[in-house]
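One rule links them: number in the working numbering = place in the sequence shown (from 1) + 21. From the three backbone atoms N, C-alpha and C, an ideal C-beta is built for every residue, glycine too. Note that the coordinates shown come from a computational prediction; the quantities given were computed from them, not determined experimentally.
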Amino acid sequence: MSLLPVLAVLLSAQVAISDLYARRVSNRWLLCVGMVALGGLLWMWAVRGAPFPGMHLAGAVVGLAALLPFYALGWMGAGDVKYFAVLGLLLGMPALLPIWVASSLLAGAHAGCVLLAPGLRTALPLRMQWLHARAQEQWQARPFVRQIHASRQGRAGIPYAAYLAFATVGFIAYGTYGASS
Numbered sequence: 022m023s024l025l026p027v028l029a030v031l032l033s034a035q036v037a038i039s040d041l042y043a044r045r046v047s048n049r050w051l052l053c054v055g056m057v058a059l060g061g062l063l064w065m066w067a068v069r070g071a072p073f074p075g076m077h078l079a080g081a082v083v084g085l086a087a088l089l090p091f092y093a094l095g096w097m098g099a100g101d102v103k104y105f106a107v108l109g110l111l112l113g114m115p116a117l118l119p120i121w122v123a124s125s126l127l128a129g130a131h132a133g134c135v136l137l138a139p140g141l142r143t144a145l146p147l148r149m150q151w152l153h154a155r156a157q158e159q160w161q162a163r164p165f166v167r168q169i170h171a172s173r174q175g176r177a178g179i180p181y182a183a184y185l186a187f188a189t190v191g192f193i194a195y196g197t198y199g200a201s202s
């Protein structure tokens, strides 16, 4: 496996943890990985005689442009958009569509669960509703759950960057191990 997919997997692990825990994507990580990738691509092209990294550069532009309207509408955080652009730089433009489709399906399933949960809760027998409410109270009282809520600073929503990360790791694993088997 070459350096760029390894960087994508490492970045994806960091992004998934950060997005699930605090609903944040680190600009520092994105910038560092993006600069290393860009430097590596340009070095390979200029010094080693590799083909011009046009698909990678186009991937960064397309990744940014594809999700920017969702940020402008307030449906997505800026970190999600920047992460998708860095993924385009790391993996090239052809990787963006399968990653976007898989992550959108995961986020859609998450949204469906969030929307259906209140209706399903009221359909439960009263004893089950009471047990659920009690379990919820005990869960919310745990220190690590309060710490997670504090780290989010009121940010809510679906962790789309984490779903992008899961889809990215799946895409790379399939390309590395699944396609040849």
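Query, Result
"Which residue comes first and which comes last in the alpha helix (DSSP H) that contains W160?", "L147 to Q161"
"For G68, which three-state DSSP category applies?", "Correcting the residue identity first, residue 68 is Val in this sequence and not Gly. Looking at V68 - three-state DSSP - the assignment turns out to be coil, as it is neither helix nor strand."
"Within this structure, are the beta carbons of M97 and Y184 separated by less than 8 Å?", "no"
"In this structure, does DSSP put S23 in helix, strand or coil?", "coil"
"Say the cut is 7 Å; is the CB of A37 nearer than that to a heavy atom of the ligand FMN?", "As for the ligand FMN, it is missing from this structure, which has no ligand bound."
"Of the residues Y198, L108 and A144, which one's Cα is nearest the Cα of A34?", "L108"
"To the nearest angstrom, report how far apart W151 and I120 are at their CA atoms.", "40 Å"
"Do three or more CB pairs link the segment 49-65 to the segment 73-91 at distances below 8 Å?", "yes"
"Going straight from the alpha carbon of A138 to that of V83, what length do you get?", "35 Å"
"Taking the alpha-carbon positions, what's the F105 to A29 distance?", "11 Å"
"According to the Cβ coordinates, are L112 and L25 closer than 8 Å?", "yes"
"Quick check: is the beta carbon of L111 nearer than 8 Å to any beta carbon in chain D?", "Within the model displayed, chain D is absent; a lone protein chain is all it includes."
"Looking only at its own chain, which residues have a Cβ that is under 7 Å from the Cβ of L88, when we skip the five neighbours before and after it?", "M97, D101, V102 and F105"
"Is the beta carbon of V36 closer than 8 Å to that of V46?", "yes"
"To which residues of the same chain is H18 closer than 8 Å at the C-beta, ignoring the five residues directly before and after it?", "No information on residue 18 is available, as it lies outside the stretch 22 to 202 that the chain covers here."
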